[in-house]
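So the structure is just underneath, and the comments pick up after that.
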RNA sequence: GAGAGCGUAGCUCAGCUGGCAGAGCAGUGGACUGUGGAUCCACGGGUCGCGGGUUCGACUCCCGUCGCUCUCCCCA
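Residue numbers (the numbering used here): -12 to 391.
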């Protein structure tokens, strides 16, 4: 065992894993730019209150999953557990609401939650998130879901989009009461965890996986039946737009989210293979106000890059790798060849092994080189080099004049 | 916070009911000083996660501990 290991839940990202990660990230970033989102780089640390106010005091994230600490002046800071809170803070602090009718931002970076690591879950993980500020139109919700859907399909990651509406401050309180009453009635059928959830966060009981709970919840009142007129219309419009955009979705009346700031639309893209949420988001029409800005409706989503990476099966082919093998007293000539090839934009490795041709070819083979460039005394004298395709074994002569 | 499995060479792993620590791959050197992708030969490499206990003797059995992986809770 090495003397020093990385901290639990904090991983080195390298090799094949990193290539998959970059593949996912690049693809989503391009997609976001096509939808005219502008990047913002946000700090990893915020005042603890920013998260408490945004995510909700009684959520698990705030109660037990934050890396919080005091700075030298005794103020409470925290490593961000998600991106929206910081994005909203930045929107308000930089008064972006004064610039344009609406603002579309995206960000990418590490998030931190102190949970037990397991498959697709780390204490430092990475998200790309996007937020649209300033429009209440359900068209925005639909476009965001469309973006996510296109991204996932093009990435080749099978997933199902689920949507729901969880109402607003007008209609949700009544639903909460009705649901709580219902749950009291069936409490003898609920699992231990749900009995606890019933009082703390009744909506969460709805998506419990325990079969008896699922059964007990079957007759529960649904949020969609309690939506006020405004929320009902919003939800109906959203579905209409999704159809117009040919985005397949599944309504899940039991879909709820773990953060308190959501209103109206919530959605998730779930992987059937991993049985895990890959991308999640929704509307949060009160959060900007909550963090001191003017009343501003907003919608957003966040994608988990590690989870997405797990589902990437094929990577695009890499640029072919050239390797220059000098043998004999020809280093000056070989270096000129290397320089020239690189200037043509080729990916070039120079053999660092001073050995016979055979050994160097073995080395090139082990390094997965596509083309080998043979440079020996004859080549130098004759002003050429030999280009050998390591796949086919074919070899061609290429004229080369180092003076040019 | 709760539960389960696993820690032996750089990697993948074997090692029986306790009795000298092993293989394959990788690495290094070399028959071959101008042709690789399974030619041959040789070599190096270990605190068996750590600590304690049982025993004449522990990689093996017991206890503890740390780490990794997975599951639940929760979440991207």
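Yeah, the Cβ is synthetic: ideal placement off N, Cα and C, and Gly gets one too.
- Distance from the CA atom of residue 325 to the CA atom of residue 313, rounded to whole angstroms, is 10 Å.
- Distance from residue 210 to residue 162 at the Cβ level is roughly 5 Å; contact confirmed, criterion being Cβ atoms closer than 8 Å.
- Listed as beta-bridge partners of residue 113 by DSSP are 97.
- Look at residue 333 here: in three-state DSSP terms it is coil, with no helix or strand label.
- By the Cβ-count criterion, residue 85 is exposed, with fewer than 16 other Cβ atoms from all chains shown falling within 10 Å of its own Cβ.
- Residue 369: member of the alpha helix (DSSP H) spanning 364 to 369, first to last residue.
- For residue 177, no alpha helix (DSSP H) encloses it, and the DSSP letter there is neither H nor E.
- Proximity of the region 73 to 89 to the region 118 to 127 meets the contact definition, three or more beta-carbon pairs being nearer than 8 Å.
- Using a Cβ distance threshold of 8 Å, residue 296 and residue 11 count as a contacting pair.
- In the three-state scheme derived from DSSP, where H, G and I count as helix and E and B as strand, residue 228 is classed as helix.
- Considered as a whole, the region 251 to 317 harbours 263 to 270, 285 to 291 and 308 to 313 as its complete beta strand (DSSP E) runs of no fewer than 3 residues, in chain order.
- Here residue 3 is not bridged, per DSSP, to any residue.
- Remark: C-beta atoms of residue 208 and residue 169 approach each other more closely than 8 Å.
- The C-beta distance from residue 278 to residue 40 rounds to 6 Å, short enough to meet the 8 Å contact threshold.
- A distance below 8 Å separates the beta carbons of residue 70 and residue 94.
- For the pair residue 234 and residue 148, the CB atoms are nearer than the 8 Å cut-off.
- Residue environment analysis places residue 387 among the buried positions, since at least 16 neighbouring C-beta atoms fall within 10 angstroms of its C-beta.
- Excluding its 5 nearest sequence neighbours in each direction, residue 28 has C-beta neighbours in its own chain below 8 Å: 94 and 96, listed in chain order.
- Short of 8 Å from the beta carbon of residue 357, and not among the five residues preceding or following it, lie these beta carbons of its own chain, in chain order: 307, 308, 309, 376, 377 and 378.
- For residue 152, the enclosing beta strand (DSSP E) starts and ends at 147 to 152.
- Burial check for residue -8: the Cβ neighbour count within 10 Å stays below 16, so the residue is exposed.
- In the displayed model, residue 383 falls within a strand according to three-state DSSP.
- One Cα belongs to residue 81, the other to residue 25, and the distance between them is close to 15 Å.
- Residue pairing for residue 238: DSSP places it in a beta bridge opposite 150.
- Cβ atoms of residue 99 and residue 66 come within 8 Å of each other, at about 4 Å.
- Residue 256 and residue 343 have their C-alpha atoms roughly 56 Å apart.
- Counting only residues of its own chain and dropping the five nearest sequence neighbours on each side, residue 185 has a CB closer than 8 Å to the CB of 167, 170, 171, 174, 177 and 192.
- One Cα belongs to residue 200, the other to residue 352, and the distance between them is close to 58 Å.
- When the Cα atoms are used, residue 214 and residue 268 turn out to be separated by approximately 19 Å.
- CA-CA distance, residue 368 to residue 354, rounds to 29 Å.
- By the CB criterion at 8 Å, residue 389 and residue 289 fall outside the cutoff.
- Per the DSSP secondary-structure output, residue 25 pairs in a beta bridge with 92.
- In the three-state reduction of the DSSP assignment, residue 32 falls in the strand class.
- The three-state reading of DSSP puts residue 209 in coil, since its state is none of H, G, I, E or B.
- In the three-state DSSP reduction, residue 8 falls in the helix class (H, G or I).
- The three-state reading of DSSP puts residue 51 in helix, counting H, G and I together.
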